[in-house]
Amino acid sequence: SEKLRVPEALTFDDVLLRPKESRVEPDDADVSTRVSKNVSLTIPVLSAAMDTVTTSDMAIGMAREGGLGVLHRNMDVETMVEELRRVKRADELVIPRDEVVTASPDQTVRDVDELMEAAGVSGAPVVDDDDAVLGIISGTDIRPYLEVGESDEVREAMTDKVITAGEDVTARDALELMYEHKIERVPIVDAESRLVGLVTMQGILQRREHENAARDEVGRLRVGAAVGPFEEERAVAADEAGADVLFIDCAHAHNLNVMDSARAIKGSVESDVVVGNVGTREAAEACVDFADGIKVGIGPGSICTTRVVSGAGMPQITAVAQVADVAARENVPVIADGGIRYSGDAIKAIAAGADAVMLGSYFAGTDEAPGRVITMNGKKYKQYRGMGSVGAMRSGGGDRYLKDVDEDEDEEFVPEGVEAATPYKGSLASELHQLVGGMRSGMGYVGAESLPDFKERAEFVRISSAGQTEGHPHDVMITDEAPNYSPQ
Ligand code: RVP
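The structure is reproduced here in structure tokens:
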């Protein structure tokens, strides 16, 4: 029957990269990329917009390593705005005026001590009503006063010989001033000596540690935010709060209502808009004219039951390749989302045409992921759940699956994901080191110096299940854990 004359679709385990002549040392391979038309990263990796993976801690960690965290959206809009601000503030050189904690000269030292403690800072410029800088006060200035008289005024306790710098200060200038005067903060002032910002030693040192960080035009960390397919209000708020990329977060973006809404959202924000998920050529055609990036993945996720529950899906290598054919025409970046267990899967996704990869389970066990470590049978785990699982849908994300979920009622959901646990892994930085290191090895085997070069040179071979078995450790008993391999 015609019905059964069907095309074949492949996934990670069906293919391998064909080794090629090479002079490329993996360490020299350049893995920088674009996730969307206007946003570049130094490593081609994103963390998934899931409530057990990406909140601000993960986003800060990802951006410092050169990737991008995409904040999940099982939180109200105000909380998301706060989270975005937290990432944007994390490594900035000049903390802007409205975020600087200041004291006034006639406050009591006790008041200012409490204020600084609540804000988590250890010093504050002292300004008058016109924002002119009169001095600076720190824990060291306050402590002796607290011992004797808590109601002494700040003007008594503060250091009034304050060193300031102009708005065009560089990190190097600021650091020189700090060393010269043995201080840790330099208030930034305008021509009229009014406070416009603050530079701290801690901020400068943190930036230095992360040379490869993904930064925006003014040097702040990059961050992405997931928005529901019909959440224009969240999209506008996240855009205003500084999100670099918005991700339309939907399990089936080829739903035409979703496409219409995504197009409208694109029209009302300044940040880039990535549309997804899709898994076919036709779906890519439907958004390639307005999307700044296209995200691919219908059912490959480790916690995803979409294919089993709905019978629909597309094996990921074929899905990426189909979308990439269309996207390449318009120079729109493609993100391969889901199903990546090993670094080899990640670089195969790039070979199929992706510009970057998004992972959930790989990062859910790290310290930067939300949630606490649980111990079962002497082993450590962290919780990891699908956004289409009962638990996650109940906390707000049902529309990702185009389902009308009433959170208050005792409704019976039809979930498309499971709630699970994943081994505890330690720091994100070392996981990323393994992931990206393995991807670089792949580039070495193919002889490619950069990702665009790699995409062009890479060729697949189709393997059998015998070939697949051969590729994993076999006929041995593993005695020591490898940092980048665990049997599935
Ligand atoms: P993985 O890295 O294989 O754990 O997959 C993560 C991806 O799975 C997410 O980025 C998302 O696209 C998808 N996902 C999230 N929740 C669910 C679900 O409940 N079905 N799927």
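The opening position of the sequence shown corresponds to residue 11 in UniProt numbering, with each subsequent residue numbered one higher.
Beta carbons are placed, not taken as given, at the ideal position from N, Cα and C, and that holds for glycine.
One alpha carbon belongs to Cys297, the other to Val285, and they sit about 7 angstroms apart. Lys390 carries a strand assignment under DSSP once its states are collapsed to helix, strand and coil. Met126 carries a helical assignment under DSSP once its states are collapsed to helix, strand and coil. Within its own chain, the residues whose Cβ lies closer than 6 angstroms to the Cβ of Arg217, once the five positions on either side in sequence are excluded, are Asp101, listed in chain order. Boundaries of the beta strand (DSSP E) harbouring Pro106: Val104 to Pro106, taken from the DSSP string. The DSSP-derived three-state label of Gly176 is coil. Going by beta carbons, Thr21 and Pro325 fall inside the 8 angstroms limit.
The beta carbons of Ile275 and Ala235 sit about 12 angstroms from each other, so the pair does not count as a contact at 8 angstroms. Judged by their CB atoms, Ala181 and Val196 are not nearer to each other than the 8 angstroms cut-off. Straight-line spacing of the CA atoms in Thr64 and Thr315 works out to 21 angstroms. Uninterrupted beta strand (DSSP E) stretches at least 3 residues long and entirely within the segment 230-298 occur at 234-237, 255-258 and 282-288, given in chain order. In the displayed model, Glu163 falls within a strand according to three-state DSSP. Assignment of beta-bridge partners to Ala338 by DSSP yields no partner. The continuous stretches of beta strand (DSSP E) do not include Thr89, which lies in the alpha helix (DSSP H) extending over residues Val87 to Ala100. The beta carbon of Tyr372 sits closer than 7 angstroms to at least one heavy atom of ligand 1. Remark: three or more beta-carbon pairs, one from each stretch, lie closer than 8 angstroms, so the segment 134-148 and the segment 165-177 are flagged as touching. The shortest C-alpha to C-alpha distance from Leu445 to any of Glu292, Glu480 and Ile357 is the one to Ile357. Residue pairing for Ile146: DSSP places it in a beta bridge opposite Pro135 and Thr169.
Under the DSSP assignment, Gly452 falls in the alpha helix (DSSP H) whose first and last residues are Leu438 to Val456. Under DSSP, Leu56 shares a beta bridge with Leu78 and Met368. Distance between Ala402 and Ser11, taken at the CA atoms: about 42 angstroms. DSSP, reduced to helix, strand and coil, places Ala224 outside both helices and strands of the structure shown, so it counts as coil.
Non-local beta-carbon contacts of Gln478 in its own chain, meaning distances under 7 angstroms to residues more than five positions away in sequence, involve Asp23 in chain order. Short of 7 angstroms from the beta carbon of Ala331, and not among the five residues preceding or following it, lie these beta carbons of its own chain, in chain order: Ala362 and Gly363. Contact between the segment 247-259 and the segment 108-117 is absent: fewer than three C-beta pairs spanning the two stretches fall below 8 angstroms.
Excluding its 5 nearest sequence neighbours in each direction, Arg44 has C-beta neighbours in its own chain below 7 angstroms: Ser50, Pro343 and Asp365, listed in chain order. Scanning its chain for C-beta atoms nearer than 8 angstroms, with the 5 sequence neighbours on each side dropped, one finds around Ile345 the residues Val45, Leu56, Val284, Gly286, Gly303, Ile304, Lys305, Val306, Ala364, Asp365, Ala366, Val367 and Met368, in chain order. With respect to Gly159, Gly133 sits apart: the two C-beta atoms are not nearer than 8 angstroms. The count of Cβ pairs closer than 8 angstroms, one atom from the segment 218-228 and one from the segment 187-203, stays below three, leaving the stretches out of contact. From the listed residues Gly130, Val104 and Glu92, the smallest Cα separation to Val206 is found for Val104. For Thr376, the three-state secondary structure derived from DSSP is strand. In this structure Ala113 is buried. Its beta-carbon is surrounded by 16 or more other beta-carbon atoms within 10 angstroms. If you look at Lys465, you'll find it in the alpha helix (DSSP H) that goes Leu461 to Arg467.
By alpha-carbon distance to Lys390, the top candidate from Thr376, Gly396, Tyr495 and Ser399 is Thr376. In this structure, the straight-line span from the alpha carbon of Tyr155 to that of Leu125 is close to 16 angstroms.
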